[in-house]
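Chemist:
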Amino acid sequence: MPTWLSEARRAVDRAGNDKQIQDRLSHLTAVDDELHRCLDQLADLVEAAEAGHGTWWSSLDVPSKVFTDLKSARKSIDPRQWSRARNALEEVFKQAETEIRTSWQGYVTDLAGNAGDLRKLVRVLGAAPALAEEAARLDEALAQLNVSRGKLPDKESVAKARAAADLLDRLADKLPHDVRDFLTAAARGTGAPLDLLTPEVLAWLTVNSAVDEFRIIVAGKGRGQARG
């Protein structure tokens, strides 16, 4: 074989090897970037899970296939191996985030009820001078809670939820039972039936300058019912 042809073949082989090496380096760089992204996402999920551990979050069962795919990816630089492992991880992360968000929202609802209805109730309570200060604090706490309830929680979010629930309990303890029932019903979208507006409730609303916060409407045409 002519010398020039041998040299040309070696040059082509070197070029092919260089291209293969470059492709592998590019792949490893991409994997490194994706791993950092996965670790950041995992850190957020772990923080959220730890915030609710033993209270509103238990655990997530990770399919064994995820660990099998990760082990295979560790032993090979084949892009297909990493692609399978990455897809399996993303599926677990997605499931974990959905379950944590759902559990957190359920926890908030159990602690403090529907934030929208509660804020209506707080505005009514704020009209009563004796309750105005605590009502304002609860309104602020509920506003913060309403913002955080749609996000992945952390320990600070959980503390805010408990603080809002404690404030609500303190306010409720200051209300007569009949007044509390009426105000709670009135804060809902359907309103309170008139039979809850007892003379005692009306007297409390009058003394606490909260009468003007309510109005009577006909609940249904021809039903002979009205709600406060």
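Numbering (this note's numbering) for the sequence shown: 1115 to 1342. Positions of the beta carbon are idealized from the N, C-alpha and C atoms, including for glycine. These numbers come from a predicted model, not from an experiment.
1) Which residues in the same chain have their Cβ closer than 8 Å to the Cβ of P1193, if we skip the five residues on either side of it in sequence?
2) Where does I1330 sit, in a helix, a strand or coil, going by DSSP?
3) What residue range does the alpha helix (DSSP H) around W1171 cover?
4) Would you mind listing the beta strand (DSSP E) stretches within the segment 1211-1291 that are 3+ residues and don't spill past its ends, in chain order?
5) For P1307, which of helix, strand or coil comes out of DSSP?
6) Expressed to the nearest angstrom, what Euclidean distance is found between the alpha-carbon atoms of D1295 and F1328?
7) Going by DSSP, what residue range makes up the alpha helix (DSSP H) through S1186?
8) Starting from T1320 and walking both ways along the alpha helix (DSSP H), at which residues does that stretch end?
9) So, does the segment 1267-1287 touch the segment 1163-1177, judging by three or more C-beta pairs under 8 Å?
10) Alpha carbon to alpha carbon, how far is N1260 from S1205? Give it in angstroms, no decimals.
11) Do three or more CB pairs link the segment 1171-1184 to the segment 1200-1218 at distances below 8 Å?
12) Taking C-beta to C-beta, are T1298 and L1225 nearer than 9 Å?
13) Taking the alpha-carbon positions, what's the L1316 to L1252 distance?
14) With a CB to CB cut of under 6 Å and the five nearest residues on each side skipped, what residues in its chain are close to Y1221?
15) Would you tell me roughly how many angstroms separate the C-alpha atoms of P1347 and T1216, rounded to the nearest one?
16) Hey, would you say R1237 sits closer than 9 Å to A1249, going by beta carbons?
17) Less than 9 Å between the beta carbons of Q1219 and R1263, yes or no?
18) Am I right that S1323 and P1243 are in contact with their C-beta atoms under 8 Å? What's the rounded C-beta distance?
19) On the criterion of 16 or more Cβ atoms from any shown chain inside 10 Å, does K1288 qualify as buried, or is it exposed?
20) Taking the beta carbon of V1293 as the centre, do at least 16 other beta carbons fall within 10 Å, making it buried, or is it exposed?
21) With a threshold of 7 Å on Cβ separation, who are the neighbours of A1246 within its own chain once the five nearest residues in sequence on each side are excluded?
Modeler: Inspection of the coordinates gives the following:
1) Along the sequence shown, read from residue 1 onward, the residue named residue 1193 stands at position 79. Closer than 8 Å at Cβ, skipping near neighbours: H1141.
2) As a first step, residue 1330 is located in the sequence shown; it is residue number 216 there, counting from the start. Correct three-state label for I1330: coil.
3) Position 57 of the sequence shown holds residue 1171. From DSSP, W1171 is part of no alpha helix (DSSP H); its letter is neither H nor E.
4) none
5) Here residue 1307 corresponds to residue number 193 of the sequence shown, with the count starting at 1. Here P1307 sits in strand by DSSP.
6) Counting from 1 along the sequence shown, the entry for residue 1295 is found at position 181. Counting from 1 along the sequence shown, the entry for residue 1328 is found at position 214. Distance between the alpha carbons of D1295 and F1328: 15 Å.
7) Position 72 of the sequence shown, counted from the first residue, corresponds to residue 1186. 1178-1188 is the span of the alpha helix (DSSP H), which, as asked, contains S1186.
8) Numbered from its first residue, the sequence shown carries residue 1320 at position 206. Run containing T1320: 1313-1321, per the alpha helix (DSSP H) assignment.
9) yes
10) Within the sequence shown, numbered from 1, the residue matching residue 1205 stands at position 91. Within the sequence shown, numbered from 1, the residue matching residue 1260 stands at position 146. For clarity, residue 1205 is Glu in the given sequence; the question names Ser instead. Near 28 Å, if we compare the C-alpha coordinates of N1260 and E1205.
11) yes
12) For the purposes of this step, residue 1298 is taken as the residue at position 184 of the sequence shown. For the purposes of this step, residue 1225 is taken as the residue at position 111 of the sequence shown. No, they are not a contact pair.
13) Within the sequence shown, numbered from 1, the residue matching residue 1316 stands at position 202. Within the sequence shown, numbered from 1, the residue matching residue 1252 stands at position 138. Distance between the alpha carbons of L1316 and L1252 is about 24 Å.
14) Position 107 of the sequence shown holds residue 1221. Closer than 6 Å at the Cβ level, and outside the excluded window around Y1221, lie W1170.
15) The structure shown does not extend to residue 1347, since the chain spans only 1115 to 1342, so no value can be given for it.
16) In the sequence shown, the residue the question calls residue 1237 occupies position 123. In the sequence shown, the residue the question calls residue 1249 occupies position 135. Closer than 9 Å, so yes.
17) As a working note, residue 1219 is residue 105 in the sequence shown. As a working note, residue 1263 is residue 149 in the sequence shown. A contact, by the Cβ cut-off of 9 Å.
18) By one-based count along the sequence shown, residue 1323 stands at place 209. By one-based count along the sequence shown, residue 1243 stands at place 129. Right, their Cβ atoms sit about 7 Å apart.
19) Locating residue 1288 in the sequence shown gives position 174, counting from the first residue. It counts as exposed.
20) Within the sequence shown, numbered from 1, the residue matching residue 1293 stands at position 179. Burial call: buried.
21) Taking the first residue of the sequence shown as position 1, residue 1246 is located at position 132. Within the same chain, A1246 has close Cβ partners G1240.
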